[in-house]
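With our numbering, letter number 97 in the sequence shown gets 97, and the count goes up by one each step, no holes. Using N, Cα and C, we set each Cβ at its ideal position, and we do this for glycine too.
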Amino acid sequence: MFDLDGMLLLPDRRAASLLEIAGSRGLIVVGVGRGGERGFQMLHRFHHVGEQLAAAGTHLAFVYPAESARHVMDSISVSSARFRHHPRLLLDADSCCFRHGVPPRLLSAVHLSCEMKRRAGIDVDVRDPAWETEFLAFLMACQITLSD
Numbered sequence: 001m002f003d004l005d006g007m008l009l010l011p012d013r014r015a016a017s018l019l020e021i022a023g024s025r026g027l028i029v030v031g032v033g034r035g036g037e038r039g040f041q042m043l044h045r046f047h048h049v050g051e052q053l054a055a056a057g058t059h060l061a062f063v064y065p066a067e068s069a070r071h072v073m074d075s076i077s078v079s080s081a082r083f084r085h086h087p088r089l090l091l092d093a094d095s096c097c098f099r100h101g102v103p104p105r106l107l108s109a110v111h112l113s114c115e116m117k118r119r120a121g122i123d124v125d126v127r128d129p130a131w132e133t134e135f136l137a138f139l140m141a142c143q144i145t146l147s148d
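This is how it looks when you write it as structure tokens:
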């Protein structure tokens with residue numbers, strides 16, 4: 001589904017890989033399709049759950065396609081990312097992170113173990129009024145899995 005070796009950029013334009021972003025117990029990678037919410041909006045919406053997951057050893061990262069750079073590299077998102085360390089915002093600079101891309105207005109999330117093995121996944125359509133609830137339920141299920 002995605003390439004672990006793809007070059008990703010943090011909002012401060014430093015290069016990073018998914019392996020570097022992962023916590024001690026894994027990672028939840030969320031591909032944000034075109035037309036998804038801006039970076040600072042995702043940071044604000046999911047800050048609390050991102051902090052909870054990070055405390056349990058799993059980091060949450062939102063990965064935007066290269067053509068959506070303005071959603072990650074805008075001044076508000078950069079400031080938000082600097083202030084809030086979890087979740088992470090990343091830009092798929094070389095368009096290689098997600099092999100088949102992420103369709104517009106879709107969140108494509110994958111929960112990975114610390115060995116980068118897939119544990120669970122979900123696709124959420126942000127046009128659905130219940131998208132946030134559905135996505136939070138997935139994140140909570142990932143958190144419950146960690147406590148087992």
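task = Look at the alpha carbon of residue 43 and the alpha carbon of residue 96, and state the distance between them as a whole number of angstroms.
result = 23 Å
request  = Could you name the residues of the same chain whose beta carbon sits closer than 6 Å to that of residue 88, not counting the 5 residues immediately before and after it, in chain order?
outcome  = 21 and 61
message = Am I right that residue 28 and residue 109 are in contact with their C-beta atoms under 8 Å? What's the rounded C-beta distance?
response = 6 Å
message = Among the candidates 104, 143, 70 and 64, whose CA atom is the shortest distance from the CA of residue 8?
response = 64
request  = Could you name the residues that DSSP lists as bridge partners for residue 88?
outcome  = 61
task = Mind checking who residue 15 pairs with in its DSSP beta bridge?
result = 9
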